[in-house]
Amino acid sequence: MGLRTPEEYRESLRDGRRVMFRGEWVEDVTRHPVLGHAVDHAAIDYAIAEDPRYRDLCTAEQDGEAVSRFYKLPKTADDLLLRMRAIEAATTEGRTVVTLIHEIGTDALFALLRVAHACDAARGTSYLPRVRALYARASKEDWALAVAQTDTKGDRGKSPADQPDPDQYVRIVARREDGIVVRGVKVHTSVSVNANALIVLPTRAMRPGEEDYAVSFWLPIDTEGLRLVASPYLSSPRSDVEHPLSAGHKMVETFTWFDDVFVPWEQVFQAGEVEFAGPLALGFVDFHRFTAVSYKLPLIDLLVGSASLIAQLNGIARAGHVRDKLARLAMYAATVRKLLEASALTGQLAEPGVFVPDTLTVNTAKYHFAHGFHEALRDVQDLAGGLLVTAPAWGDFRDETIGPALQKYLRAAEGSAEDRMRVLYMIADLTVSDLAGYHAVLAVHAEGSLEAEKLAASRHFDFRAAQALARRMAGIDG
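Be aware that the sequence shown starts at 880, since it is given in my numbering, and climbs by one per residue.
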């Protein structure tokens, strides 16, 4: 098939998939009044591959064929940097909302290639050919892919095998000659309602006795027994002017239920190899945190640009405290970007030929983004002022009586009152709306929590070398 068009992508979703939204089964996600926005948003990934501005960046050649840049297997630091730029471009076109339908699935495929190779070498299994088969088919047919990793977890103080309810983690409930049967739920499953296939990964390390939970596989979204309950967040109608970012852009997460779903062996990538559950979970994270910071870049840049613009429009750009806030925002944006670039430049080629971002640096980048995000929101809100939540509606400016008064009294240092209000509406959408809440929660929890990033960084920092230096400087060698 080669590269898909946006309409071919939409048509591929009309397959009878079982999706529930607000208590009702959805007949066609592409025509649904809410979920259709998510489909249109995701179609950006296909549209930019046709756009002359982005075609060279967002497409690549692999095995003599044109593929989406996201399917290009990274072999060098430059490959990762081009992937970063492509993710940044798609998210910019999505007005700070990531498309994710190619990005997250290929993150999983890259990790699966590494771990399947290691598992086959250690266990004599044959998972790597299965991963390669999915990779070849998905890249050739330009599939949209979702990833289900996070389990409901039940009592979080207990491991999977110790749960009072054994279904709190997705598990194998039957092994058959032709495949396995799985049961359980994954949560926070992004873009599943508008993907073609779902890759399932373990959420954590497993121990002996938890073989049924060490499971990974893929499924078409219309598989019997697979049901998706879509989150209604960001589903209220909104004005294009008052919500210029979120009115036409949306990503949907689901409660993803595997109700005794059959998976053929050729679609299984792990089935009981407990020692490889943790490496697969972490291997995915190495790539996915690189993706995460890549798609945060337009969001951070917009925070900086919005703060600078509203300070100018409000006539306060020369004030000392304003210059201080703008400098802090600029350094925040520059640090996150440079850390991400450094994670690519200091990465390494791993078996079987996958270039991996440096774990310590990419986790530091993700932590720095998440740790500084809420402070950045505060600075932008401070510079914008209270009109973020008290301003008149856009329709009020059209009224014959009220409109002229609003134009007169809401005019600022530069430009018209309407120009100023458009900027304030955009900043409100960015910092105080339900989209802002979505970004704020994602900053803390998506692609791993702050604690997860600190743990990963700590595991990969060379404390022994640092301590040896301290001992030598203190004169207590030996």
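Positions of the beta carbon are idealized from the N, C-alpha and C atoms, including for glycine.
{"Item": "Have a look at Glu1056, His981 and Ala990 and flag the residue whose alpha-carbon is nearest the alpha-carbon of Glu1020.", "Value": "His981"}
{"Item": "Since Phe1155 is in the beta strand (DSSP E), which residue starts that stretch and which ends it?", "Value": "Element bounds for Phe1155: n/a, residue is neither H nor E."}
{"Item": "Helix, strand or coil: which one does DSSP assign to Pro1099?", "Value": "strand"}
{"Item": "Would you be able to state if there are at least three C-beta pairs under 8 Å between the region 1055-1075 and the region 1134-1150?", "Value": "yes"}
{"Item": "Can you find the residues in the same chain that come closer than 8 Å, C-beta to C-beta, to Phe1276, ignoring five residues on each side of it along the sequence?", "Value": "Gly1282, Leu1285, Gln1286, Ala1296, Glu1297 and Met1300"}
{"Item": "Quick check: the Cα distance between Ala1428 and Pro1099, rounded to an integer number of angstroms?", "Value": "Residue 1428 cannot be examined here, being either before or after the span of the chain that is shown, 880 to 1357."}
{"Item": "Which whole-angstrom value describes the C-beta separation of Arg993 and Val1233, a residue pair presumed to lie in contact below a C-beta threshold of 8 Å?", "Value": "6 Å"}
{"Item": "For Glu967, count neighbouring C-beta atoms within 10 Å of its own C-beta (all shown protein chains included) and say buried if the count is 16 or more, exposed if not.", "Value": "buried"}
{"Item": "For Ile927, collect the residues of the same chain with a Cβ closer than 7 Å to its Cβ; drop the 5 residues on either side in sequence, then sort them by chain order.", "Value": "Tyr933, Cys937, Ala968, Ala969 and Glu972"}
{"Item": "Given this structure, state the Cα-to-Cα distance separating Ser1125 from Val1302, to the nearest angstrom.", "Value": "14 Å"}
{"Item": "Ordered along the chain, which non-local residues of its own chain (more than five positions away) have a Cβ less than 7 Å from that of Gly1251?", "Value": "Tyr1211"}
{"Item": "Just to confirm, are Lys1129 and Ala917 a CB contact at a threshold of 7 Å?", "Value": "yes"}
{"Item": "Assign Gln1227 to one of three DSSP states: helix, strand, or coil.", "Value": "strand"}
{"Item": "Return the CA-CA distance between Ser1328 and Phe1155, expressed in angstroms with no decimal places.", "Value": "22 Å"}
{"Item": "When DSSP labels each residue in this structure, what does Thr1135 get in the three-state scheme?", "Value": "strand"}
{"Item": "Would you decide whether Ile1306 is buried or exposed? Buried here means 16 or more other CB atoms lie within 10 Å of its CB.", "Value": "buried"}
{"Item": "Taking the C-alpha atoms as reference points, what is the distance between Tyr1288 and Pro1271?", "Value": "12 Å"}
{"Item": "So who's on the other strand from Ile1059, going by DSSP bridges?", "Value": "Arg1054 and Val1142"}
{"Item": "For the candidate residues Glu906, Arg1106, Val1026 and Ser1114, whose alpha-carbon lies nearest to that of Val1079?", "Value": "Val1026"}
{"Item": "Using a 10 Å radius around the Cβ and a threshold of 16 neighbouring Cβ atoms, would you call Met963 buried or exposed?", "Value": "buried"}
{"Item": "Give a yes or no on whether the C-beta atoms belonging to Glu1279 and Arg1168 are separated by under 7 Å.", "Value": "no"}
{"Item": "Shortest alpha-carbon distance to Val898 belongs to which of Gly1003, Val1131, Tyr1048 and Ser1173?", "Value": "Val1131"}
{"Item": "Tell me the DSSP secondary structure of Gln1360 in three-state form.", "Value": "Any answer about residue 1360 is impossible in this case: the structure gives the chain only from 880 up to 1357."}
{"Item": "Buried or exposed, going by whether 16 or more other CB atoms sit within 10 Å of the CB of Lys1037?", "Value": "exposed"}
{"Item": "Mind checking which residues open and close the beta strand (DSSP E) that includes Ala945?", "Value": "Glu944 to Ser947"}
{"Item": "Quick one: residues in its chain with C-beta nearer than 6 Å to the C-beta of Thr978, no 5 flanking neighbours on either side, listed in chain order?", "Value": "Ala921, Ile923, Asp924 and Ala969"}
{"Item": "For Glu940, which residues does DSSP report across the bridge?", "Value": "Ala945"}
{"Item": "So what does DSSP say about Met1305, is it helix, strand or coil?", "Value": "helix"}
{"Item": "To test your reading of the DSSP string, which unbroken alpha helix (DSSP H) runs of 4 or more residues are found completely within the region 983-1044?", "Value": "1006-1020"}
{"Item": "Give the range of the beta strand (DSSP E) segment to which Phe1234 is assigned.", "Value": "Val1233 to Val1235"}
{"Item": "Helix, strand or coil for Thr971? Go by DSSP, reduced to three states.", "Value": "helix"}
{"Item": "Grab the span of the beta strand (DSSP E) containing Ile927 for me, first residue to last.", "Value": "Where Ile927 is concerned, there is no enclosing beta strand (DSSP E), although the alpha helix (DSSP H) it sits in stretches over Ile923 to Glu929."}
{"Item": "If the criterion is Cβ atoms closer than 7 Å, does the pair Ala1093 and Pro1111 meet it?", "Value": "no"}
{"Item": "With 16 as the cutoff for other CB atoms within 10 Å, does Ser1118 come out buried or exposed?", "Value": "exposed"}
{"Item": "Measure the alpha-carbon distance for Thr1068 versus Ala1196 and round it to whole angstroms.", "Value": "42 Å"}
{"Item": "First and last residue of the beta strand (DSSP E) that includes Met899?", "Value": "Arg897 to Phe900"}
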